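Numbering (this note's numbering) for the sequence shown: 61 to 873.
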Amino acid sequence: MAKTYNPHTQNCKRIKWQVTFFFLFLWLCHSVLGQIHYSIVEEMRKDSTIANIVKDLALDINQLSSIQLQIVSDVSQKYIYFDLNNGNLYVKDRIDRETLCGTAATCILTFDVLAENPLKVFKVNVEIQDINDNSPVFFQDTITLQIPESASIGTHFALKNAEDLDIGMNSVQTYRLTDNQYFTLTEKISSDGSKSPKLFINKALDREIQNSHELILTALDGGDPIRTGTALITITITDANDNFPVFNQEMYKVLIKENVPINSTVIIVEATDKDEGSNAQITYSFTKTSGNVHHTGVFSIHPIHGHIKVTKLLDFEVTKKYELSIQAMDGGGLAAHSKVLVEVEDENDNAPNIFITSLSSPVSEDSASGTAIALVRVHDKDSGENGDVNCQLLELVPFQLVLLSDNYYRIVTTSDMDREKVAFYNITILASDKGYPSLSSQKIIKVEISDVNDNPPVFMKSSYITYIPENNLPGASIYSIQASDPDTGDNAKITYSILSKNKEDILLSSYLSINIETGALYAQRSFDYEKQKEFILQVTAMDHGSPSLNSSIKLIIHIVDKNDNAPKILYPSPESAGSAVFEMVLLASVPGSLITKVVAVDADTGHNSWLSYHFIQVPGPAYFIIDEHTGEIRTSRAFQDKDILNHKVVVMVKDNGYPSLSATVTLSLAIADNVQQAVPKLGNQITEEDPQTNLQLYLIIALALISLLFILTVMIAIISKCKESQSPQLFGPLSSNLYPQLESRILSQYTNGTLTLPYNFCVALESTEHDFTFIKPNENVSVDNLLDTDDSGLGAENGNVLLTLNNHTEVSF
Numbered sequence: 061m062a063k064t065y066n067p068h069t070q071n072c073k074r075i076k077w078q079v080t081f082f083f084l085f086l087w088l089c090h091s092v093l094g095q096i097h098y099s100i101v102e103e104m105r106k107d108s109t110i111a112n113i114v115k116d117l118a119l120d121i122n123q124l125s126s127i128q129l130q131i132v133s134d135v136s137q138k139y140i141y142f143d144l145n146n147g148n149l150y151v152k153d154r155i156d157r158e159t160l161c162g163t164a165a166t167c168i169l170t171f172d173v174l175a176e177n178p179l180k181v182f183k184v185n186v187e188i189q190d191i192n193d194n195s196p197v198f199f200q201d202t203i204t205l206q207i208p209e210s211a212s213i214g215t216h217f218a219l220k221n222a223e224d225l226d227i228g229m230n231s232v233q234t235y236r237l238t239d240n241q242y243f244t245l246t247e248k249i250s251s252d253g254s255k256s257p258k259l260f261i262n263k264a265l266d267r268e269i270q271n272s273h274e275l276i277l278t279a280l281d282g283g284d285p286i287r288t289g290t291a292l293i294t295i296t297i298t299d300a301n302d303n304f305p306v307f308n309q310e311m312y313k314v315l316i317k318e319n320v321p322i323n324s325t326v327i328i329v330e331a332t333d334k335d336e337g338s339n340a341q342i343t344y345s346f347t348k349t350s351g352n353v354h355h356t357g358v359f360s361i362h363p364i365h366g367h368i369k370v371t372k373l374l375d376f377e378v379t380k381k382y383e384l385s386i387q388a389m390d391g392g393g394l395a396a397h398s399k400v401l402v403e404v405e406d407e408n409d410n411a412p413n414i415f416i417t418s419l420s421s422p423v424s425e426d427s428a429s430g431t432a433i434a435l436v437r438v439h440d441k442d443s444g445e446n447g448d449v450n451c452q453l454l455e456l457v458p459f460q461l462v463l464l465s466d467n468y469y470r471i472v473t474t475s476d477m478d479r480e481k482v483a484f485y486n487i488t489i490l491a492s493d494k495g496y497p498s499l500s501s502q503k504i505i506k507v508e509i510s511d512v513n514d515n516p517p518v519f520m521k522s523s524y525i526t527y528i529p530e531n532n533l534p535g536a537s538i539y540s541i542q543a544s545d546p547d548t549g550d551n552a553k554i555t556y557s558i559l560s561k562n563k564e565d566i567l568l569s570s571y572l573s574i575n576i577e578t579g580a581l582y583a584q585r586s587f588d589y590e591k592q593k594e595f596i597l598q599v600t601a602m603d604h605g606s607p608s609l610n611s612s613i614k615l616i617i618h619i620v621d622k623n624d625n626a627p628k629i630l631y632p633s634p635e636s637a638g639s640a641v642f643e644m645v646l647l648a649s650v651p652g653s654l655i656t657k658v659v660a661v662d663a664d665t666g667h668n669s670w671l672s673y674h675f676i677q678v679p680g681p682a683y684f685i686i687d688e689h690t691g692e693i694r695t696s697r698a699f700q701d702k703d704i705l706n707h708k709v710v711v712m713v714k715d716n717g718y719p720s721l722s723a724t725v726t727l728s729l730a731i732a733d734n735v736q737q738a739v740p741k742l743g744n745q746i747t748e749e750d751p752q753t754n755l756q757l758y759l760i761i762a763l764a765l766i767s768l769l770f771i772l773t774v775m776i777a778i779i780s781k782c783k784e785s786q787s788p789q790l791f792g793p794l795s796s797n798l799y800p801q802l803e804s805r806i807l808s809q810y811t812n813g814t815l816t817l818p819y820n821f822c823v824a825l826e827s828t829e830h831d832f833t834f835i836k837p838n839e840n841v842s843v844d845n846l847l848d849t850d851d852s853g854l855g856a857e858n859g860n861v862l863l864t865l866n867n868h869t870e871v872s873f
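1. LEU630 by DSSP, collapsed to three states: which one?
2. Please report the Cβ distance between ILE558 and LEU568, rounded to the nearest whole angstrom; I am assuming they are in contact, meaning their Cβ atoms lie under 8 Å.
3. Using a 10 Å radius around the Cβ and a threshold of 16 neighbouring Cβ atoms, would you call TYR758 buried or exposed?
4. Sorted by chain position, which residues of the same chain lie with C-beta nearer than 6 Å to TYR631's C-beta, five sequence neighbours on each side aside?
5. Which full runs of the beta strand (DSSP E) of 3+ residues lie inside the stretch 579 to 608, going along the chain?
6. Considering just the uninterrupted stretch of the beta strand (DSSP E) at LYS657, what are its terminal residues?
7. Could you check whether the stretch 412 to 429 touches the stretch 332 to 341, counting it as contact only if at least three pairs of C-beta atoms, one from each stretch, sit closer than 8 Å?
8. What are the partner residues of LEU149, as DSSP defines its beta bridges?
9. Take the Cβ of GLU102 as the centre, count every other Cβ of all protein chains shown within 10 Å, and call the residue buried at 16 or more, exposed below.
10. What do you reckon, are the CB atoms on ILE368 and VAL329 nearer than 9 Å?
11. With GLU405 and ILE316 assumed to form a contact (beta carbons below 8 Å), what rounded beta-carbon distance in angstroms separates them?
12. Does the Cβ of PRO517 have 16 or more other Cβ atoms within 10 Å, making it buried, or fewer, making it exposed?
13. Using DSSP's beta-bridge definition, name the partner residues of ASN706.
14. With respect to the beta strand (DSSP E) encompassing THR379, which residues constitute its N-terminal and C-terminal limits?
15. By DSSP, does ASN185 sit in helix, in strand, or in coil?
16. DSSP beta-bridge partners for THR244?
17. Which residue wins for smallest C-alpha separation from HIS273, given the options GLU187, LEU169, THR298, HIS365?
18. Have a look at ASN112 and THR244 and give me their C-alpha separation to the nearest angstrom.
19. Quick one, which of SER212, LYS220, ASP156, VAL709 has its alpha-carbon nearest GLN189's?
20. Let me know if MET520 comes out buried or exposed under the rule of 16 or more other beta-carbons within 10 Å of its beta-carbon.
21. Going by beta carbon distance, what residues of the same chain come within less than 8 Å of ALA682, once the five residues before and after it are set aside?
22. Does THR218 pass the burial test, meaning 16 or more other C-beta atoms within 10 Å, or should it be called exposed?
23. Let me know the secondary structure DSSP gives GLU623 once reduced to three states.
24. Whose CA, out of ARG470, LEU435, MET477, lies closest to the CA of SER897?
25. Measure the C-alpha to C-alpha separation of ASN303 and THR325 and round it to an integer number of angstroms.
26. Under 9 Å between the Cβ atoms of GLU50 and PRO196?
27. Considering just the uninterrupted stretch of the beta strand (DSSP E) at LEU401, what are its terminal residues?
28. According to the Cβ coordinates, are ALA583 and LEU533 closer than 9 Å?
29. Can you grab the Cα-Cα spacing for the pair ARG470 / LEU435, in whole Å?
30. Exposed or buried, which one is GLY214 when buried takes at least 16 other CB atoms within 10 Å?
31. PHE770: buried (16+ other C-beta within 10 angstroms of its C-beta) or exposed?
32. If I follow the unbroken alpha helix (DSSP H) through ARG157, where does it start and stop?
33. Can you tell me whether DSSP reads HIS667 as helix, strand or coil?
34. Does the distance from the CB of ASP621 to the CB of GLY666 come in under 9 Å?
35. Helix, strand or coil, according to DSSP, for PHE684 in the structure here?
36. Would you be able to state if there are at least three C-beta pairs under 8 Å between the stretch 642 to 650 and the stretch 717 to 736?
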């Protein structure tokens, strides 16, 4: 076996040490270090040694376990394996070169040998060499030849070659024939190098001397040892034929009807031969000639008896005459020829054909009477009376047939047409011949009536009314209106447009739009019933005809109110939302006395605007009642002295919509004999009003005060230590009067008369009280006179108070 090594492996020992690092780098990059080539023959026994690959790779066999050498290949592992104990490669399974590589010139098994420590890869090629393990084979064991005794010398006969699965010299190289005096063998070499045998006549044959020959054909390959394959050649010498057959007529003539049944006998032909035996046995057949090709399959001839039959239906209109060329051949290959003339007789077997030419469809509905719409041609393939044709129209249609010539008719209009009533006509044309029995055919042509724009668009109603809820989504389709046009095409294509007919001058395009093709109306914005309660539109539908026709209708769009507006309280005025609203109630009021009235409105309409008034927060016992429908607040019982107090009530006004919307207002009702009694209660209420809202502020202030007091205490303690001799009265007494007394001159000036309302003023209270005192002025005085110029102004800390008297005037404090 041959071994080939990569020269790079040998040269590595002779390079200088400076390039060692370069090769180490190549080794780390997992490069393929070289190739090893082995050559073995096929059909080696299992476990046969191929080579010691460890030695060939210059590896240490004692380190195989650490190197971890292995074969990497899916195909080669089936045939080759590696022994880690000795480093040998072995044959694992039978290797058949013909199975593995076929007829390829070279057959190589390729695999990689992988060393994992250190990492190296070696490529190994194992060439499988062919051995002569296959013999030449003939696919026919017996080759049969019939050669007439009259065959001349040198006549050759090609024989089928043998095949050998081996290649090169192991394949077929030559052929041999058993020795004889009549035949020799030669070989023909083809372009691919293969050889084929030929049998030559070497001597004149004589059937009377020897009527058969048996020869052995042998194929030999070039292997060592040589393998062969054989086939038996059987040659039969046939007798010479020296007489020709003779027909009893030179030409045969026959007349048949075209409706003759299939398999009917047309004629019987006959020929004779003076020879004997097989040379006298005559076979009849049709010969292929240029005039006989189109008759193929129409007739058949019996090969022994000479009967000619019809195999297909005859058609006089297709072929009137047939000329059949017939042949009579004896067993020796000699033949005679004759003709059969078949004439076909016509029968009335074809119905007339109707052809429509120059059809004008569609026809305009306003075409004048007598307008030609089509040209009709009739034709019958039959001859004589069988081919004479008459035509007529079957339906009652506004058309008629006008004869132009023997085979041509014209279809013309006879009256006005209306496409909207009849869009098309199916005209049935009947054509009948004069044969017996008569044959006829029908043809239906469809004549469409084209439209003219003679109908305007039509709406189903003269006017339309629709209801659209307010607060609709902008861009949504709110209505669809359509018109129809009985015309077609552009004459029926409708374009829609809208025009406002509202008396108010509004920009319609900002509210509504219409799809010009579908008639769908779209809202450009959300409708508000309180702003626009209805739209009156003129919708126009215009077709695309020429001239264009149109029609219009009125469309009324009513906007339906939705409960989208909460009640609005007009009185007490919403402007006073930042101040407490008070009403003065006299202690002497009788039950049912009118105190005040809550006035509210709702921008909605109908049920959505029906308002009702209710107390939702009223102290007990109930001193007051409110009229559900009018909003009037009245006393419910007489008051006693102990009832001098302030009442805070919350009035809710809600509408009747779904869901219901509401608004609230808070009233403070002060029960007192005069304003002076009501004012102190007012201060308390203001200071106590909404404590939770300022809770965080109070906590921050409290924390700051505590811190301040702590610092002051520390400072006082320090000062006291430093100045023990000083009087503790250094800071002076703290007065208990936080507020100066209300000067009597202010009250005396306004015990009578009327104060122009409202006025904002601050009144300083006595230190013993924490409420404001209501004052009812008796005369109109400037607000500046209500306060002393040197007043401390502490009343401003108590806020502004709105006082509402029974006469519905307001005083702000």
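Positions of the beta carbon are idealized from the N, C-alpha and C atoms, including for glycine. Quick caveat, the model's predicted, so the values are computed rather than measured.
Short version:
1. strand
2. 7 Å
3. exposed
4. VAL659
5. 580 to 583, 594 to 603
6. 654 to 657
7. no
8. ALA111, PHE142
9. buried
10. yes
11. 7 Å
12. buried
13. ALA730
14. Unbroken run through THR379: none, as it is neither H nor E.
15. strand
16. PHE260
17. THR298
18. 55 Å
19. ASP156
20. exposed
21. SER696
22. Note that residue 218 is Ala in the sequence shown, not Thr. Per the 10 Å Cβ criterion, exposed.
23. With the sequence shown as reference, residue 623 is identified as Asn, and Glu is not the correct amino acid for it. Reduced to three states, the DSSP call for ASN623 is coil.
24. With the chain represented from 61 up to 873, any question about residue 897 goes unanswered, as that position is not in the structure.
25. 30 Å
26. Only positions 61 to 873 of the chain appear in this structure, which leaves residue 50 out of reach.
27. 395 to 405
28. yes
29. 5 Å
30. exposed
31. exposed
32. 157 to 161
33. helix
34. yes
35. strand
36. yes
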